[in-house]
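Residue numbers (our numbering): 106 to 355. Structure first, then comments.
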Amino acid sequence: MSPYGWLTGLNGSQTVRGRSVDVNASFVDIVENTIGDGGSLVALMLDAEARNGPLALFADIIGEKITLDRSGLKTRSVAPGISGSVGAAVDMQFQMAIVEAGAAYEIGRIGFAAFDVLAGARYWHQKLDVGFDIAGTVDLGGLTISRGSAIARSGSVDWLDAFAGVRARVDLAPNHHLELRGDIGAGGSKLTWQALAAYAYDFKTANGVTYSAVLGYKALYVDYSQGVGPSRYAFDMLQHGPVLGLSVRF
């Protein structure tokens, strides 16, 4: 079992109520805007895996709540069916939960490396609010007016993707381990993929339990859309950044 923190940045675009915004924000940008706003500074993760011989079952949970201001946002366009223009994006509040579950099967070993194939499903839950400046040509249909801004609220958005991938587990030396994983899938979304590289150092073993410090890098991409006109929602985003965690094996 491994609790993690994911120092994630965001690069991509999003559409809420038919209004599209480009997002480019590093982890530092997210921290600066989220402190004091009730958000989490990192995406919190919990990973669990149970193995019996070549077969392993795994689950992963990610939760995050972040805020961005206009420095990380760029207004792009409005969807067909919305008249007028769209004001400049002034802020974004984003909540997301991802629950992943699947199975892996070891297909072979070469030296100190073991290779798995894996498959599973990834459930997404999102809520996204984007605030825009109010301009004379803005179509306010579907928007909420609050504190001098027009707020596009997505409400709850949920979907499910299936994925398949491969993984390599390498024993670099006693107490030193490397994991490389990649997967790709679709379903509710047009496309999703994930890549992970993680190094683990076993620093303590006591009473049959091994404790490891984990450092790595994770990237997760998804391209999802639904609806048309003022009801359109789209999330075409790459989240990526370092992961830091503690692994407990027993």
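Glycine included, every Cβ here is placed at the ideal spot set by N, Cα and C.
Original post:
For Gly241, is the classification buried or exposed, using 16 other Cβ atoms within 10 angstroms of its Cβ as the cut-off for buried?
Top reply: For Gly241, the pLDDT reaches just 47, beneath the cut-off of 50, and the residue's location in the model is therefore unreliable, although a value from the coordinates is still provided. So Gly241 counts as exposed.
Original post:
So what does DSSP say about Phe220, is it helix, strand or coil?
Top reply: strand
Subject >> Leu233 and Phe268 closer than 7 Å at C-beta >> reply: no
Subject >> Local Cβ density within 10 Å of Ile356, reported as buried at 16 or more and exposed below that >> reply: There is simply no residue 356 to check, as the chain begins at 106 and stops at 355 in what is shown.
Subject >> Bounding residues of the beta strand (DSSP E) (the contiguous stretch that carries Leu301) >> reply: Leu296 to Ala311
Original post:
If we count the other Cβ atoms within 10 Å of its Cβ and call it buried at 16 or more, is Leu265 buried or exposed?
Top reply: exposed
Original post:
Which value, in whole angstroms, describes the spacing of the CA atoms of Arg272 and Ala224?
Top reply: 11 Å
Original post:
Roughly how many whole angstroms lie between the Cα atoms of Ile356 and Glu205?
Top reply: Nothing about residue 356 can be read from this structure; the chain reaches only from 106 to 355.
Original post:
CB-CB under 6 Å to Ala219, same chain, minus the five flanking residues each way: which ones, in chain order?
Top reply: Glu211 and Arg274
Original post:
In the structure shown, what three-state DSSP assignment does Pro279 receive?
Top reply: coil
**OP:** Kindly indicate which residue of Ala155, Tyr109 and Gly213 has the alpha-carbon position closest to the one of Gly207.
**Re:** Ala155
Original post:
Nearest CA to the CA of Lys323: which residue from Arg286, Asn116 and Ala161?
Top reply: Arg286
Original post:
What's the C-alpha gap between His363 and Thr310?
Top reply: For residue 363 there is no data in the structure shown, the boundaries of the chain being 106 and 355.
**OP:** Report the rounded CA-to-CA distance for Pro185 versus Pro108, giving the unit in angstroms.
**Re:** Bear in mind that the predicted position of Pro185 carries a pLDDT of just 49, short of 50, making it unreliable; the figure below should be weighed with that in mind. The alpha-carbon atoms of Pro185 and Pro108 are separated by roughly 43 Å.
**OP:** Since I believe Val128 is in contact with Asn116 (beta carbons under 8 Å), could you give me their beta-carbon distance rounded to a whole number of angstroms?
**Re:** 7 Å
Subject >> Residue environment, Met150, which counts as buried when at least 16 other CB atoms sit within 10 Å >> reply: buried
**OP:** Could you give the DSSP three-state label for Val333: helix, strand or coil?
**Re:** coil
Subject >> Span separating the alpha-carbon of Asp276 from that of Gly114 >> reply: 30 Å
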